[in-house]
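Taking full-length UniProt numbering, the leading residue of the sequence shown gets 1, the next gets one more, and so forth.
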Amino acid sequence: TSAFPSGAKAKLRFLTTRSLAIQIDSQSDQSACCGRSRGSPSGHKHQLQRRGASKPSDPPGDQPFPGLLRPGTFSREELVDVLRAAVVDRKGPLVTLNKPQGLPVTGKPGELTLLSVLPELSRSLGLGEQEVQVVRASGKEASGLVLLSSCSQTASRLQKFFTHSRRARKPTATYCAVTDGIPVTSEGKIQAALKLEHIDGVNLVVPVQSPSRKDIMEGVKRTLSHFRVVATGSGCALVQLQPLTVFPSQLQAHMALQLCPVLGDHTYSARVGTVLGQRFLLPVESTKPQRQVLDEALLGRLCLTASQAARLPLHLHLHCLRLPGARPRDPPIELLAPLPSYFSRTLQCLGLHYQ
Numbered sequence: 001t002s003a004f005p006s007g008a009k010a011k012l013r014f015l016t017t018r019s020l021a022i023q024i025d026s027q028s029d030q031s032a033c034c035g036r037s038r039g040s041p042s043g044h045k046h047q048l049q050r051r052g053a054s055k056p057s058d059p060p061g062d063q064p065f066p067g068l069l070r071p072g073t074f075s076r077e078e079l080v081d082v083l084r085a086a087v088v089d090r091k092g093p094l095v096t097l098n099k100p101q102g103l104p105v106t107g108k109p110g111e112l113t114l115l116s117v118l119p120e121l122s123r124s125l126g127l128g129e130q131e132v133q134v135v136r137a138s139g140k141e142a143s144g145l146v147l148l149s150s151c152s153q154t155a156s157r158l159q160k161f162f163t164h165s166r167r168a169r170k171p172t173a174t175y176c177a178v179t180d181g182i183p184v185t186s187e188g189k190i191q192a193a194l195k196l197e198h199i200d201g202v203n204l205v206v207p208v209q210s211p212s213r214k215d216i217m218e219g220v221k222r223t224l225s226h227f228r229v230v231a232t233g234s235g236c237a238l239v240q241l242q243p244l245t246v247f248p249s250q251l252q253a254h255m256a257l258q259l260c261p262v263l264g265d266h267t268y269s270a271r272v273g274t275v276l277g278q279r280f281l282l283p284v285e286s287t288k289p290q291r292q293v294l295d296e297a298l299l300g301r302l303c304l305t306a307s308q309a310a311r312l313p314l315h316l317h318l319h320c321l322r323l324p325g326a327r328p329r330d331p332p333i334e335l336l337a338p339l340p341s342y343f344s345r346t347l348q349c350l351g352l353h354y355q
């Protein structure tokens, strides 16, 4: 049975065509990713692709991950500048950012996070001393949409909308991911009971088989995600993911269970083993997080060395958020965040085309 109703399928296809296809030249070849000269796109499509994009932290040239930021190297003032430049939409009290990969939303006291610079960001955006709240955000390792509100009533209304949508199993967020491996089916749902365990000083998500009522009471959660394969190529896939529950690293854990870990997942990809070309799940208790290992053919397609691949960023991007209209009869509002440059480069290198 299809995971998406027919109307939702049409909307996803429309989103794919409108907002993703503008960032991929389906006629490009591997030489474009290896640094050889190539004409850049022009016109309105190019403007859409770059809107909300942030400046790279490294000089141009042979950088394998264009546009990738390293938030840990920023001062508070520099981070505020980056976030101000990453604004993709403003509607009334709502401000939407395209968060760079690796920036945490929350953290320990003294750490540089999105929350820690909200007062400065608010002043920089002309909101004065108004208190700004985070309504919805992609996780630290993911890039993509962050929804802020300077109105507590609006923030509360949206939080209730997201909660009601989860209970009704209606997706409000659509992520784009590149996976190492291709799911067996082109569309479906992933269900898994997950829990957080503190292993070797790190909190890790662990699947639980047939959880008991006691397990549920002790923190095990039944999780659900929808997925749809948009394109395949070079043994990889571009996948749209819609989480219907909220759990840390849910999408990474789900794709590892599908034997198709997200590209750049240096935590859960180690749970997928390969023997004679066949993939299988390794026992969680005997598997420690490690840098993702890519085969030589894939490294060649990505024009990366093994040492560069060890720094490959997580290719998981919160691309679209669906919000309610201002009034009950108004159509839904859809907020979109362009893909990071390194994500678009990967798609280009892998020759992913739409089916």
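Even glycine gets a Cβ: it sits at the ideal position worked out from N, Cα and C.
DSSP lists L241, L318 as the beta-bridge partner residues of Y175. Inclusion of F227 and L204 in the CB contact set at 9 Å is not warranted, their separation being larger than that value. Taking 3 residues as the minimum length, the beta strand (DSSP E) runs contained wholly in the region 323 to 350 are 333 to 336, in order along the chain. Taking 9 Å as the cut-off, the beta carbon of S143 is found no closer than this to the beta carbon of P261. The C-beta distance from E120 to V80 rounds to 5 Å, short enough to meet the 8 Å contact threshold.
The Cβ-Cβ distance between L68 and Y342 falls below 9 Å. Beyond the five residues adjoining it in sequence on each side, P340 comes within less than 6 Å, by CB distance, of G67, S143 in the same chain, given in chain order. Following the DSSP letters along the chain, one finds G188 inside the beta strand (DSSP E) bounded by residues 187 to 199.
The C-alpha of A326 is placed about 31 Å away from the C-alpha of K189. Between L347 and the set A309, R301, A310, the nearest pair of CA atoms involves R301. C-alpha of C349 to C-alpha of Q63: approximately 14 Å in a straight line.
Here A137 is not near L125, since their CB atoms are 9 Å or more apart. For the options C151, H164, V178, V246, the alpha carbon positioned closest to that of L196 is the one of V246. Between the alpha carbons of P331 and H164 lies a distance of about 17 Å. For D89, the enclosing beta strand (DSSP E) covers residues 87 to 91.
Rounded to the nearest angstrom, the gap between the Cα atoms of R169 and P71 is 34 Å. Taking the CA atoms as reference points, A85 sits about 13 Å from E77. Check the Cα spacing between R90 and each of G351, R345, I333: the tightest is with I333. Residue state for P183 is assigned as coil, using DSSP reduced to three classes. When secondary structure is reduced to three states using DSSP, V220 falls in the coil class, being assigned neither helix nor strand. Non-local beta-carbon contacts of P109 in its own chain, meaning distances under 8 Å to residues more than five positions away in sequence, are absent.
Remark: C-beta atoms of V206 and L194 approach each other more closely than 9 Å.
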